[in-house]
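Notes follow once the structure below has been shown.
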Amino acid sequence: MAQQKKMVEEITSMDEDFAKWYTDVVKKAELIEYTSVKGCMVIRPYGYAIWENIQKTLDTMFKKTGHENVCMPMFIPESLLNKEKDHVEGFAPEVAWVTHGGNEKLEERLCVRPTSETLFCEHYANIIQSYRDLPKLYNQWVSVVRWEKTTRPFLRSREFLWQEGHTIHATSEEAQEETIRMLNVYADFCENYLAMPVVKGVKTEKERFAGAEDTYTIEALMHDGKALQSATSHFFGDGFAKAFNILYSGKDNKQHHPFQTSWGCTTRLIGAIIMTHGDDNGLVLPPAVAPVQMVIIPIAMHKEGVLDKANELYSKLSDVCRVKLDDSDNSPGWKFAEYEMKGVPLRLEIGPKDIENNQCVIVRRDSGEKIFVSLDELETKVPELLKAVHDGLYQKAYDRRASMTFTAKDFAELKDIADNKPGFIKAMWCGDRACEDKLKEEAGVTSRCIPFEQENLSDTCVCCGKPATKMLYWGKAY
RNA sequence: CGAGGCGUAGCUCAGUUUGGUAGAGUGCUUGCUUUGGGAGCAAGAUGCCGCAGGUUCAAGUCCUGUCGCCUCGACCA
């Protein structure tokens, strides 16, 4: 592997200041631009193209699991939001309100949706009468607004893009299966498309979604050792159905409350990609979602035949991958740095010397490795290399997570790790909310999830020493 | 919401202490030479100095107010 040197001076190095590195990458790779409203960003073409690729793949996965897309309104009347007590308490502090239409004050103020459970519930109450109307497996791709105080591009913005699935079922079992099914879809997507390993598990009661009976999550570990909740899937039981008076007639000719789920992921996934794979030269994109998978850079373009050959390769490869030819008059060195910063997985260099030898140079963004490839083998070699980049990224992220995952048996050990070693901490827990509060207060870590893959690290709670049966992942989170 | 920092050219910033013709680097435009790791030379264009008041012969600079952005904390699916 070639030694990777830092070649882009405009990007602050990760070790120096991770937060600044993140902002630099987001700006220099032209993913976003700030606007005059705090927390509301322009997602620029290159950033939006990543989101479009995420959407395309996930939408296909949702359709394959039987879901249909719908579109709800963006306004929720206050009275509707207020119907489910826990839900409104969770969201009311951070909603934006519309109070006027033109110059006239509204009779009832409307909130800009922070999430759409209430709208789906109102709708379900209208369209569901019989067991024959169930299940409804709906999803929507929209934006939502939450008036956050501290904002960061992709990680926490006041308006963000997401998808929210909302399903309703005749039985609790069916709804619970759906919740787990969609969690697995997200985990599959993160690992096989974003090359990002995740921990699957369930949230503690403290971290649960407002109004849910169970919240499932996938948690990823970022480069700086902080956890990022990458997607969630909620089981609602029949709580919302009762609050919104959703009823259906069963085969038994009696009225029943149906059971619901919701699940979502957001443009935060782009932040996860940046902080999982990025390096001091900028963004590193997993091939599956990279807007450009390979860029062709002609060397000594003015020389006879170079540009023709570059164009020939371009048309030959456009069926193989998302390829771009940069024949602008910037210098080759400028282009190298530019596409590295933008995280393009592969770079193909073609110059007079290569043409003589019927070859080209391909450079991997993830490792910096230079590979000479015969022009006759390109169509088979490029997909192989894209796959190799994906696997390389996944392995690197997996190894890093392993090296940053620690175990703690008692409070002193946990505190020491929390203070000195960024990463996940695995530890046993008694199930008591007080211990969770204490660990946050005194060690600065929150519970990330109770993972499906349990280990018995000890028989006692890391905090209070009482008997414990559950292992949790703890950590500092975004 | 608390603490700190910052608003001057597209961008990054100097100039503010001590008031006196609006600056640099980078980017942009044009031409020539270059081209295997952000090329060189030459010429050129670009400013409501965040906004509103005030002091002054004179304000980017001093005073008052205000708006916004960034970072850290608190808060937060």
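For the first sequence, counting from 1, position 185 maps to 172 in this note's numbering; every step adds exactly one. Ideal placement from N, C-alpha and C gives every residue a C-beta, glycine not left out. Quantities reported herein were computed from a predicted structural model and do not represent experimental measurements.
Please classify residue i: is it buried, with 16 or more other beta-carbons within 10 angstroms of its beta-carbon, or exposed?
i: K(-7); result: Because K(-7) sits at a pLDDT of 40, beneath the cut-off of 50, its placement in the model cannot be relied upon, and the point is left open.
i: S434; result: buried
i: N90; result: exposed
i: K396; result: exposed
i: N344; result: exposed
i: K7; result: exposed
i: E165; result: buried
i: I349; result: buried
i: Q441; result: exposed
i: V189; result: buried
i: A214; result: buried
i: Q115; result: According to the sequence shown, residue 115 is Ile rather than Gln. I115 is buried by the Cβ-count criterion.
i: F107; result: buried
i: D175; result: exposed
i: L93; result: exposed
i: Q247; result: buried
i: N268; result: buried
i: P80; result: exposed
Would you mind reading off the limits of the beta strand (DSSP E) that contains residue i?
i: G152; result: E146 to H156
i: S361; result: K357 to S361
i: W84; result: W84 to G88
i: Y21; result: I19 to Y21
i: P285; result: M281 to P285
i: L335; result: L333 to I337
i: A414; result: F411 to W416
i: S315; result: Careful: S315 lies outside any beta strand (DSSP E) and carries neither H nor E.
i: V350; result: Q346 to R351
i: V307; result: Where V307 is concerned, there is no enclosing beta strand (DSSP E), given that its DSSP letter is neither H nor E.
i: L459; result: K457 to G462
i: V186; result: V186 to V189
Taking the alpha helix (DSSP H) that residue i falls in, what are its first and last residues?
i: Y111; result: E104 to I114
i: L478; result: In this structure the chain extends from -12 to 465, so residue 478 is not present and cannot be described.
i: W8; result: F5 to K15
i: Q127; result: Not the alpha helix (DSSP H): Q127 falls in the beta strand (DSSP E), residues K123 to V132.
i: T166; result: S159 to N179
Going straight from the alpha carbon of residue i to that of residue j, what length do you get?
i: K43; j: A455; result: 43 Å
i: P245; j: G224; result: 8 Å
i: F78; j: L45; result: 26 Å
i: L181; j: G88; result: 43 Å
i: V310; j: F411; result: 38 Å
i: I257; j: G462; result: 21 Å
i: Q(-9); j: L372; result: Any answer about Q(-9) is weak, because its pLDDT of 32 lies below 50 and its placement is not dependable; what the coordinates show is given next. Roughly 19 Å between the two C-alpha positions.
i: K72; j: N113; result: 21 Å
i: C177; j: V276; result: 11 Å
i: C58; j: I30; result: 21 Å
i: D306; j: E299; result: 12 Å
i: A464; j: A259; result: 12 Å
i: V331; j: M28; result: 23 Å
i: K468; j: G198; result: The chain is shown only over -12 to 465; residue 468 falls outside these bounds and no answer can be derived.
i: F281; j: E366; result: Before going on, a small fix: residue 281 reads as Met here, not Phe. Cα to Cα, the separation comes out at about 12 Å.
i: L459; j: R351; result: 37 Å
i: I283; j: Y326; result: 10 Å
i: P140; j: G265; result: 15 Å
i: V82; j: E104; result: 14 Å
i: Y9; j: S159; result: 42 Å
i: G431; j: L67; result: 36 Å
i: L142; j: T254; result: 8 Å
i: D4; j: M262; result: 13 Å
i: A16; j: K383; result: 22 Å
i: D120; j: Y111; result: 10 Å
i: I342; j: V293; result: 8 Å
i: D378; j: D353; result: 10 Å
The region 62 to 79 / the region 93 to 106 touching (three or more Cβ pairs under 8 Å): yes
Meets three-Cβ-pair contact criterion under 8 Å: the region 212 to 220 and the region 170 to 182: yes
Completely contained beta strand (DSSP E) runs for the region 198 to 275, where each covers 3 or more residues: 201 to 208, 214 to 224 and 246 to 253
Beta strand (DSSP E) segments (min. 3 residues) lying fully within the region 374 to 433: 392 to 394 and 411 to 416
Beta strand (DSSP E) segments (min. 3 residues) lying fully within the region 21 to 99: 28 to 30, 62 to 64, 84 to 88 and 91 to 99
Cβ contact (3+ pairs, closer than 8 Å) linking the region 143 to 160 and the region 116 to 131: yes
contact_flag[the region 185 to 195, the region 231 to 241] where n(CB pairs < 8 Å) is 3 or more: no
Validate contact between the region 387 to 402 and the region 443 to 451 using beta carbons, cut 8 Å, 3 pairs: yes
Three CB pairs or more closer than 8 Å across the region 402 to 417 and the region 382 to 392: yes
Any 3 or more C-beta pairs closer than 8 Å across the region 207 to 214 and the region 224 to 233: no
Inter-stretch contact at 8 Å, needing at least 3 Cβ pairs: the region 287 to 299 / the region 312 to 324: yes
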